[in-house]
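Residue numbers (my numbering): 231 to 681. The C-beta atom is built at its ideal place from N, Cα and C for all residues, glycine as well.
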């Protein structure tokens, strides 16, 4: 067996055998074939796709290409959560403490961001002193003691995915559904949790921008989890606009703390409650969505969620007082409040362009070696469908210079369309996918959005 034969088979649209997939996955993990052959195979997969069986085989081979995390020393059902990414998507910092406060251990390994704003780890590192690196032993001990830890990947989990992911980024194969599903699920399965909740984004700021594509991805990942013996629930949520009102690393930490402190509500809280309720159901701590939501709201209103977040920050070397004093977070050199300038309705947003505006300010990376400015970003209080007046606050910029603020102001205005007629707000969520099928939200039903 050799790579040329495998590339040729996929080039002509043939289904690869488990043995062929195992061969190239192991080669990717060990670096025993040249990148140009792996790149050729990735492009053949992107153009010709994979069957459900091939996608599952790919995922399981990548899962077992390196270490497998063992969470068995942590009592209880461990439920992981993963988002396919977006703008202002700060749900982990809200729901992880709330779920842990409800008695479900959260042992989460997260990632960094490349593009748009930073990932969960970057947001956490904006907290003074906060460390997201620790040994596996310390990670397990922390979850046993306080029920919560969010850290970077430990050991050598799914090394084949690391190689293939880097090649996908530079070969225009990022949008291949089997490669997306395999990448996400191999890391989640290797991370060792007992069940998984997936937040699959759809809309202008998502990887899969159409509902049909998002549903296809959700169903593929649920099927992989089912075949791997893991309960998986996938929720398709909207990314037509930033989820939270704050975009930028320290700003998103502030947003999460404001939510946990009960000072703000809105889409970030609602999606966190939605995903968190599914986590409680999979953990056996709630029998229904209503019960799960009620338990999470109790953890919120009692302050237990915010306290749990402070405990995690302290356990990982950070200053827990940030949960009481937000001025301890990194502060920008320039703060600019921008007015709308005309009356009308917020008609639509290009969430990707908004994310790129934050990236250009220094909140996200273009290259992996880029150093983030944790203090920069923007706060966007308006939502699609809102009525606005000329003198209303449109957004607030947090920049390192007036020149950066000028560029960001222009980019954000360009990304938001104002109109004269009222428009409907987009649904918060569209569908829930499980092994038993797909349930659409009432709003999606009303819009006739079926996949």
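Whose C-beta lies closer than 7 Å to the C-beta of residue i among residues of the same chain, with five residues either side of it excluded?
i, result
"residue 582", "434 and 435"
"residue 381", "339, 362, 363, 364 and 369"
"residue 600", "none"
"residue 505", "311, 321, 325, 427, 429 and 465"
"residue 617", "575"
"residue 532", "none"
"residue 642", "584, 587, 608 and 625"
Within the continuous beta strand (DSSP E) that includes residue i, where are the two ends?
i, result
"residue 424", "Element bounds for residue 424: n/a, residue is neither H nor E."
"residue 310", "309-313"
"residue 625", "623-629"
"residue 382", "378-382"
Do you know offhand how far residue i's Cα is from residue j's?
i, j, result
"residue 688", "residue 248", "Examination of residue 688 is not possible in this model, given that the chain is present from 231 through 681 alone."
"residue 246", "residue 273", "14 Å"
"residue 553", "residue 477", "18 Å"
"residue 437", "residue 429", "12 Å"
"residue 205", "residue 559", "Past the boundaries of the shown model lies residue 205; the chain is included only from 231 to 681, so the question cannot be answered."
"residue 414", "residue 547", "29 Å"
"residue 503", "residue 427", "12 Å"
"residue 498", "residue 391", "30 Å"
"residue 479", "residue 349", "8 Å"
"residue 329", "residue 352", "21 Å"
"residue 447", "residue 371", "35 Å"
"residue 625", "residue 569", "7 Å"
"residue 486", "residue 527", "15 Å"
"residue 534", "residue 333", "11 Å"
"residue 360", "residue 544", "8 Å"
"residue 609", "residue 354", "18 Å"
"residue 551", "residue 492", "17 Å"
"residue 404", "residue 653", "33 Å"
"residue 337", "residue 417", "14 Å"
"residue 410", "residue 402", "13 Å"
"residue 260", "residue 443", "32 Å"
"residue 612", "residue 270", "45 Å"
"residue 220", "residue 483", "Because the chain spans 231 through 681 in this model, residue 220 falls outside it and cannot be assessed."
"residue 591", "residue 634", "6 Å"
"residue 691", "residue 555", "Only positions 231 to 681 of the chain appear in the structure, and residue 691 is not among them; the question remains open."
"residue 645", "residue 459", "43 Å"
Provide the residue span of the alpha helix (DSSP H) that contains residue i, from first to last.
i, result
"residue 460", "No alpha helix (DSSP H) contains residue 460, which DSSP labels as neither H nor E."
"residue 413", "407-420"
"residue 329", "321-331"
"residue 253", "248-260"
"residue 604", "Careful: residue 604 lies outside any alpha helix (DSSP H) and carries neither H nor E."
"residue 539", "534-545"
"residue 276", "265-278"
"residue 294", "Neither: residue 294 is in no alpha helix (DSSP H) and is coded neither H nor E."
For residue i, list the residues DSSP reports as bridge partners.
i, result
"residue 369", "Paired residue(s): none; residue 369 is not in a bridge."
"residue 476", "609"
"residue 597", "None; residue 597 has no bridge partner."
"residue 432", "468"
"residue 704", "The question about residue 704 has no answer here: the residues shown for the chain are numbered 231 through 681."
"residue 337", "379"
"residue 670", "661"
"residue 564", "629"
"residue 569", "623"
"residue 243", "None, per the DSSP bridge assignment."
"residue 618", "574"
So, for residue i: in the same chain, excluding its five sequence neighbours on each side, which residues have a beta-carbon less than 6 Å away from its beta-carbon?
i, result
"residue 231", "253"
"residue 512", "309, 425 and 461"
"residue 420", "293, 298, 387 and 388"
"residue 507", "519, 522 and 523"
"residue 408", "280 and 285"
"residue 664", "463"
What do you get for residue i, buried or exposed, if any count of 16 or more other CB atoms within 10 angstroms of its CB means buried?
i, result
"residue 667", "exposed"
"residue 628", "buried"
"residue 561", "exposed"
"residue 604", "buried"
"residue 649", "exposed"
"residue 400", "exposed"
"residue 277", "exposed"
"residue 539", "buried"
"residue 657", "buried"
"residue 595", "buried"
"residue 441", "buried"
"residue 288", "buried"
"residue 406", "buried"
"residue 565", "exposed"
"residue 517", "exposed"
For residue i, which residues from the same chain have a beta carbon less than 8 Å from its beta carbon, with the 5 sequence-adjacent residues on both sides left out?
i, result
"residue 469", "316, 317, 319, 431, 432, 433, 434, 435, 436 and 581"
Is there a C-beta anywhere in chain D that falls below 8 Å from the one on residue i?
i, result
"residue 504", "Given the protein chain composition of this structure (a single chain), no chain D is represented."
What do you reckon, is the C-beta of residue i under 7 Å from a heavy atom of the ligand SAM?
i, result
"residue 517", "The ligand content of the structure shown is nil, which means the ligand SAM is not present either."
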